[in-house]
Amino acid sequence: MPTVLIVEDSPSVAKFYTLALERRGGFACRQAHSAEEVLAQVRSGEVDVVLLDISLADFTYQGRPIDGLELSRLLKGDPVTDKVPVLLATAHAMVGDRERFLEASAADEYLQKPIYDPAILVEKVNALLEKKY
Amino acid sequence: MMRRRNYDADRAPGQAGMSDFLKDFLRETKSYIGLDANDAARLAAVGPALEPHFPALAELFYRKILEHPNAARVFSGPEQLARLNLTLQHWARRLFSGRYDLAYAEDRMAIGRRHVDVGVPQRYVISAMDVVRIYLLEAIDNAEPDLQRAAAIKRSLNKILDLDLNLMCESYFIASVRELRDLNARLEAANLELSELSRVKDEFLAHTSHELRTPLNAILGFTRLILDGLCQSREEERELLGDVFESAQHLLGIVNDVLDIARIEAGKLKLSVERVEMRPLFEQVLAVVRVQADAKGIRIVDETGGAPLPPVRGDAHRLRQVLINLLGNAVKFTDEGWVSLRASTGAVAGHLQVEVQDTGIGIPRDKQSIVFEKFKQVDTSFTRRHGGSGLGLAICRRLVEMMGGAIALESPGPGLGTLVRFTVPLEAPVEDRPHRAVQDQLSIAGPPQGTRVLVVDNDPGFRKFLQRLLAGEGFAVVTADGYADALDAADRFHPAVALVDWVLPVSTSLAYGNGIDLVVAFQSRFSLPSILVTGHEPERAQAEMARRSLSPPPPILRKPLDAAVLRETMQKVIAAHTPQS
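Chains as they are written, first to last, in numbering that gives the first Met the number 0: chain A, 0 to 132; chain B, 0 to 580.
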């Protein structure tokens with residue numbers, strides 16, 4: 000059973016992702032609430048896809064604030080974790096945001112909130128898993 | 000007309016390159032006019048014969064100048080007139096000197112520059128030169144009996160006068176180039192300000208869009224899960240519906256904030272001002288906020304229970320909104336400790352002062368001034384901890400000001416908590432009693448049936464001056480020296496227009512009681528139009544005015560007041576405010 004790591008600061012949105020991915024896609028879901036936790040979980044090799052929000056309230060890395068874009072770059076810059084696909088999910092949805100964010104984060108894919116259809120979410124994650132293997 | 004040279008705007012008088020410019024200008028103008036060595040010799044030869052005419056010419060000329068409305072500003076006494084007379088004779092003598100070199104041109108341009116500085120329009124210079132021309136042509140006819148020789152001298156004279164006129168008018172041209180350059184600079188600055196405004200609006204739109212999408216994600220996602228039958232029990236369905244409800248409420252809050260600020264900006268937010276008892280309001284609001292505080296383990300300290308609170312004049316619904324906002328913020332930005340609510344009279348004359356203090360994250364000093372501005376949050380980065388429309392405090396400020404109060408914030412710095420205090424006018428200002436005794440009987444100057452004017456100024460001399468001036472013109476005048484008095488007088492006297500001084504006495508450390516606040520309160524509470532009067536730079540008042548949503552913005556007059564301008568402005572304001580029948 001593939002495992003998705005959910006990194007999202009809104010508890011209700013994280014809850015929706017978990018339910019949607021578990022029930023519709025049959026994935027196992029985990030959550031992380033600090034940058035160090037994210038890096039450790041992905042390094043452990045137990046995570047198959049990272050679903051990552053860009054605005055991360057309260058997230059710190061080495062004592063300073065960090066956002067999803069930088070966290071994604073950290074993952075993509077580490078040879079241990081760079082093969083794990085990163086799916087950016089964000090409510091920043093102005094014209095040009097998609098290109099800007101994909102470039103700034105080195106992430107694999109981008110989804111614009113509101114993401115409310117479990118089927119689409121599962122489809123995106125599956126597509127990334129195929130790409131990985 | 001002479002060919003207009005390409006004028007290099009950077010080569011203005013006084014700067015390097017000016018004398019090169021002037022040399023070229025002189026050479027070109029001379030050749031265009033056809034002024035040569037023969038003319039110079041002819042003029043030099045006739046000079047001595049004309050010398051006796053110069054005093055009379057000077058006399059004639061300066062009488063002409065004195066007709067100009069600006070002349071009084073410069074030629075105020077006989078001494079200055081005598082000096083002008085000598086200057087003009089000197090000028091006439093140089094006209095016939097035969098030496099028309101760079102020094103001559105500089106002298107002429109300097110005269111032109113003085114005219115520009117004094118504010119004499121160019122057309123006056125041209126017509127004054129015509130007076131000179133006619134006088135001198137006649138003088139030459141008298142001095143030179145030979146008709147042919149007289150004609151030749153007159154041709155030369157016309158040429159030199161043309162040269163003079165060109166030199167003087169060039170000063171006007173240079174001045175207008177400068178003016179255009181200044182205007183351009185101001186336009187560029189305004190443009191910059193506009194693009195900054197547009198950038199702030201774009202940012203606001205992006206931010207609002209983000210804040211709307213997050214609760215929408217939960218609402219749409221959970222309902223989709225339920226509709227798709229992905230819930231495992233009725234209980235789980237109910238739980239998710241609870242989440243949906245909470246997110247929808249959050250969304251509604253953001254939408255309301257955005258609509259409020261839009262309405263305030265458009266000047267469309269109307270208050271229903273009435274007598275309000277604060278006690279029940281405090282209790283309602285504290286009950287709401289306690290729920291949020293309990294969930295975070297923060298203590299709510301109600302310190303408003305001491306002495307009975309006198310009623311205030313305000314909009315109960317909007318006061319509740321302000322309190323919810325301030326207390327909600329305090330809870331949101333505090334992780335441990337307490338949030339305290341206090342209320343007192345006596346700190347600010349005629350007002351109830353409400354304080355909300357917390358032990359939360361505080362605000363860095365350099366950000367304390369921007370938090371009341373709309374679209375501004377202390378931290379707009381992606382790592383920002385606290386969501387929200389970013390409009391709450393901006394809305395609070397506008398609402399408090401519209402009710403005739405003021406709002407301010409203090410924080411010793413990050414991590415050290417925040418104190419927000421605001422004021423709202425009392426229904427009957429108790430501690431203002433000695434003042435009210437005087438004001439209880441409104442003292443009206445001028446004919447009581449005249450158009451009613453309220454004069455608000457803390458300078459007794461100026462107040463008296465305006466009172467006399469306006470009463471003399473048939474207005475019914477009531478004066479007030481401060482904020483509370485002015486509101487009281489407006490309430491009871493029902494003036495058609497108010498004259499408000501920008502700077503009014505400040506009674507506490509709060510920037511409270513500024514004349515612009517009063518203008519805002521007059522408009523929102525009594526629909527009373529105002530004229531702002533200031534002894535300071537009107538631009539500053541204008542800039543501050545622009546930050547308030549006043550439509551139409553009140554005219555600004557600068558002290559000393561010109562009686563005619565004041566009368567005209569008052570008529571305009573009253574006429575614009577009177578509904579057309």
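Just so it is clear, CB atoms sit at the ideal spot from N, CA and C, and this is done for glycine as well.
CA-to-CA distance, P551 of chain B to G327 of chain B, given in whole angstroms
34 Å
beta-carbon F53 of chain B near the ligand MG non-hydrogen atom, thresh 6 Å:
The ligand content of the structure shown is nil, which means the ligand MG is not present either.
Could one say the Cβ of H32 of chain A lies closer than 7 Å to chain B's Cβ atoms, at least one of them?
no
Name, going along the chain, the residues of the segment 214-225 of chain B whose beta-carbon falls closer than 7 Å to a beta-carbon of chain A.
L215, N216, A217, L219, G220, F221, R223, L224
Which of the residues in the segment 183-204 of chain B, read from start to end, lie with their CB under 9 Å from any CB of chain A?
D201, L204
Less than 7 Å between CB atoms is the rule here; does L251 of chain B satisfy it with respect to chain A?
no
Measuring CB to CB, does A489 of chain B end up less than 7 Å from F521 of chain B?
yes
Opposing strand residues paired with I530 of chain B [DSSP bridges]
B:L498
Does the distance from the CB of V499 of chain B to the CB of L486 of chain B come in under 7 Å?
no
For R223 of chain B versus Y16 of chain A, is the C-beta spacing smaller than 7 Å?
no
Could you name the residues of chain A that R212 of chain B contacts, counting a contact when the two beta carbons are closer than 9 Å?
T89, A90, H91, A92, Q111, K112, P113
Between which two residues does the beta strand (DSSP E) containing P424 of chain B stretch?
417-424
DSSP three-state call for S550 of chain B: helix, strand or coil?
coil
CB of R23 of chain A within 7 Å of CB of P117 of chain A, strictly:
yes
Taking contact to mean at least 3 C-beta pairs separated by less than 8 Å, is the segment 353-361 of chain B in contact with the segment 331-345 of chain B?
yes
Rounded to the nearest angstrom, what separates A306 of chain B and L270 of chain B at their Cα positions?
28 Å
Does the beta carbon of H209 of chain B come closer than 7 Å to any beta carbon on chain A?
yes
Apply the 10 Å Cβ neighbour rule to Q40 of chain A and answer buried if 16 or more other Cβ atoms are within range, or exposed otherwise.
buried
Helix, strand or coil: which one does DSSP assign to P113 of chain A?
coil
Residues of chain B with CB closer than 8 Å to the CB of V12 of chain A, please, in chain order.
T213, N216, A217, G220
I need the straight-line Cα distance from D201 of chain B to V275 of chain B, nearest angstrom please.
39 Å
Given that S246 of chain B touches chain A, what residues does it touch there, using C-beta distances under 7 Å?
S11
Would you call the CB atoms of L229 of chain B and P113 of chain A closer than 7 Å?
no
Tell me whether the segment 37-45 of chain B and the segment 106-115 of chain B touch, counting them as touching only if at least three CB pairs, one residue from each stretch, are closer than 8 Å.
no
Between the alpha carbons of A562 of chain B and I443 of chain B, how many angstroms are there, rounded?
20 Å
Go ahead and pull the three-state DSSP assignment for V272 of chain B.
coil
Would you tell me roughly how many angstroms separate the C-alpha atoms of L441 of chain B and Y171 of chain B, rounded to the nearest one?
55 Å
In whole angstroms, give me the CA-to-CA distance for K75 of chain A and A405 of chain B.
52 Å
Is V452 of chain B near R462 of chain B, with beta carbons less than 7 Å apart?
no
Are any of the Cβ atoms in chain B nearer than 7 Å to that of F26 of chain A?
no
Cα-Cα separation between G95 of chain A and R212 of chain B, rounded to whole angstroms
17 Å
So, for R4 of chain B: in the same chain, excluding its five sequence neighbours on each side, which residues have a beta-carbon less than 6 Å away from its beta-carbon?
Residue placement at R4 of chain B is flagged as unreliable, the pLDDT there being 47, under the threshold of 50; the coordinate-derived value follows with that caveat. Once the five neighbours on either side are set aside, R4 of chain B has no close Cβ partner at all.
I530 of chain B versus A189 of chain B - alpha carbon distance
25 Å
Enumerated in chain order, which unbroken segments of the beta strand (DSSP E) with a length of 3 residues or greater are wholly contained in the segment 21-73 of chain A?
27-30, 48-52
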